[in-house]
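Numbering (our numbering), first residue to last: 108 to 382.
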């Protein structure tokens, strides 16, 4: 069986499975009845399995881990005339996550450590600004509906001459009381991400036929797109000052800018306590 001819729509290296895990440590402080401040610090672990037509790299795996971008944010909340709760949050994401992660890939270099693609980096390398506007309405204390608009605006260009695309979202959630301590919920999330602006030139191979990009995840034009996800979860009020929230999300619709690995599912486990 011969090798399929190279075109702009196929690649010598193909990522098959991307696994991402993040432990996010958050600390919040209530400044007043309406103002609250918080700091979020993520620890990220991610790995990608690949198949390749390059000799010696028919199957290979790369992995990175470390601190991601730390975010400081403020939340202002107020009640409307119909007893709905509004909230507006804004913050700054600091470029504390590495954008210089290296690993052993098929790309020919003088050693076994090459710059890894955008998906395997731990941060953005730029100062970014997250915003959110939320509205929550509760009926008789037993049912609540929440809708939120979100955006992450990225600025400048990092040290590798690129900037990740802006992110926008529209989230909704319905929650009800199963018991005084258990509250199931269902949510629908719409997300839109832009392509990457600029390019890390260390990821391309100029001598390749047809296209200098050895894999889809090295081409900044193929990032971003639109997705709709469904989330199902349960909030357990273990005690008055201790909560456990578990959510499972699955994709319903994807319209991506290029060949990208499909998301199968995601799980969120949130443990919170107030002092």
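Every residue, glycine too, gets a C-beta built ideally from N, C-alpha and C.
Residue range of the unbroken beta strand (DSSP E) whose run includes residue i
| i | result |
| --- | --- |
| residue 274 | 274-283 |
| residue 191 | Careful: residue 191 lies outside any beta strand (DSSP E) and carries neither H nor E. |
| residue 350 | 349-363 |
| residue 151 | 142-159 |
| residue 124 | 120-137 |
| residue 300 | 289-300 |
DSSP-derived helix/strand/coil call for residue i
| i | result |
| --- | --- |
| residue 308 | helix |
| residue 229 | coil |
| residue 328 | helix |
| residue 165 | coil |
| residue 247 | coil |
| residue 381 | coil |
| residue 93 | Residue 93 is absent from the structure shown; the chain starts at 108 and stops at 382. |
| residue 339 | strand |
| residue 323 | helix |
| residue 185 | strand |
| residue 108 | No answer about residue 108 holds up, because its pLDDT of 42 lies below 50 and its placement is not dependable. |
| residue 255 | strand |
| residue 303 | coil |
| residue 242 | strand |
| residue 267 | coil |
| residue 366 | coil |
Pick from the options that is closest to residue i, judged by C-alpha positions
| i | options | result |
| --- | --- | --- |
| residue 124 | 181, 222 and 371 | 371 |
| residue 376 | 362, 356, 352 and 367 | 352 |
| residue 139 | 267, 333, 236 and 181 | 181 |
| residue 333 | 365, 250 and 299 | 299 |
| residue 167 | 174, 175, 154 and 173 | 154 |
| residue 129 | 121, 137, 322 and 173 | 173 |
| residue 249 | 284, 175 and 171 | 284 |
| residue 365 | 326, 277, 230 and 346 | 326 |
| residue 164 | 281, 183 and 214 | 214 |
| residue 354 | 319, 320 and 290 | 290 |
| residue 116 | 350, 321 and 382 | 321 |
| residue 144 | 185, 150 and 136 | 136 |
| residue 184 | 178, 176 and 197 | 197 |
| residue 358 | 264, 228 and 368 | 368 |
| residue 380 | 350, 265 and 361 | 350 |
| residue 278 | 161, 356, 187 and 223 | 356 |
| residue 227 | 236, 211 and 235 | 211 |
| residue 142 | 186, 232 and 361 | 186 |
| residue 176 | 267, 235 and 162 | 235 |
| residue 146 | 348, 179 and 208 | 179 |
| residue 362 | 329, 346, 347 and 345 | 329 |
Heavy atom of the ligand FAD within 7 Å of residue i beta-carbon
| i | result |
| --- | --- |
| residue 377 | Ligands displayed in this structure: none; no statement on the ligand FAD is therefore possible. |
Item to complete: Answer yes if the stretch 202-219 comes into contact with the stretch 183-193, meaning at least three C-beta pairs across the two stretches below 8 Å, and no otherwise.
Response: By the C-beta criterion, the stretch 183-193 is judged not to be in contact with the stretch 202-219, since fewer than 3 inter-stretch pairs fall below 8 Å.
Worksheet item: Using 8 Å as the threshold, is the stretch 254-265 in touch with the stretch 239-246, meaning 3 or more CB pairs across them?
Response: Touching, yes.
Worksheet item: Is the number of C-beta pairs between the stretch 327-345 and the stretch 289-309 that are closer than 8 Å three or more?
Response: The stretch 327-345 makes contact with the stretch 289-309, as at least three CB pairs between them are under 8 Å.
Item to complete: Flag this pair as touching only if the stretch 303-311 and the stretch 261-273 have three or more C-beta atom pairs under 8 Å; answer yes or no.
Response: At 8 Å Cβ cutoff, the stretches touch.
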